[in-house]
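Quick note: the sequence shown uses the working numbering, first residue 1, plus one each step.
Backbone N, C-alpha and C fix where the C-beta goes; we use that ideal spot for every residue, glycine too.
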Amino acid sequence: MNRCLATFLLLFSVFTPAVLPAAEVGDVLREFDTPGCCAMGATFGRDGQLWVVDRKANMLYAIDPRDGSVVDTIPTPGFRPAGLAFDGTHLWVADRDKNELYRLHPKTRLVTNAYKIPFRSPRGLAWDGQGLYLVDARTKRIYYLDPTDGTVIRD
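Encoded structure:
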């Protein structure tokens, strides 16, 4: 056997358990409490923080995903946030009571756009690099939205 390969295999077998935890499919690798009682969405931000939106507290929480500590908070626009996404620069928040979609800059904390949405029960939001997917519980449909004006491109 090649000496380099044998050395690698020996080092890998000796040091791997200390570096990588033994885990099976479905194992929980890390968990912590949500900062509020009613988390409705989560997304990762630019700096690696985990953003969580809480519908009862009307708050966005930036969480350190290593230990669950809250590193920042921002009040949500609207009254009942029900979806959250990050587009690489802005957080997007779907509000169930006002039927609006908000684009919020996490550093300045300013809402840079707000759009009326034509459905009453948003539940989930996701960014695909070009647009937003929004799930509506009442219509049981998934809509694709244009982030420049909030119009439905397709459902």
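How would you label residue i, buried or exposed, when you count the other beta carbons within 10 angstroms and need 16 or more for buried?
i: P158; result: Examination of residue 158 is not possible in this model, given that the chain is present from 1 through 155 alone.
i: Q130; result: exposed
i: I117; result: buried
i: H90; result: buried
i: S13; result: Summary for S13: the model assigns pLDDT 36, below 50, so the residue's position carries little reliability, and this model does not support an answer.
i: P106; result: buried
What three-state label does DSSP hand residue i in the structure shown?
i: D136; result: strand
i: P147; result: coil
i: V126; result: Sequence check: residue 126 is Ala here, not Val. The answer is strand: DSSP assigns A126 an E or B state.
i: V28; result: coil
i: L10; result: Because L10 sits at a pLDDT of 31, beneath the cut-off of 50, its placement in the model cannot be relied upon, and the following sentence gives the value as read from the coordinates. In the structure shown, L10 sits in a helix (DSSP, three-state: H, G or I).
Does the Cβ-Cβ distance between residue i and residue j come in under 8 Å?
i: V111; j: P81; result: no
i: I63; j: V52; result: yes
i: G186; j: M59; result: The structure shown does not extend to residue 186, since the chain is modelled only from 1 to 155, so the question has no answer here.
i: L50; j: A57; result: no
i: D97; j: G68; result: no
i: R103; j: F119; result: no
Taking just the CA atoms, how far does residue j sit from residue i?
i: V70; j: A23; result: 27 Å
i: R55; j: M40; result: 6 Å
i: N99; j: R141; result: 15 Å
i: R30; j: T73; result: 22 Å
i: T108; j: W127; result: 21 Å
i: I153; j: C38; result: 30 Å
i: G124; j: D146; result: 16 Å
i: P65; j: T148; result: 30 Å
i: L101; j: Y144; result: 13 Å
Open item on the list: Suppose only complete runs of 3+ residues qualify. What are the beta strand (DSSP E) ranges in the segment 36–119, listed by chain order?
Closed with: 39–44, 50–54, 59–63, 70–75, 81–86, 91–95, 100–104, 111–116
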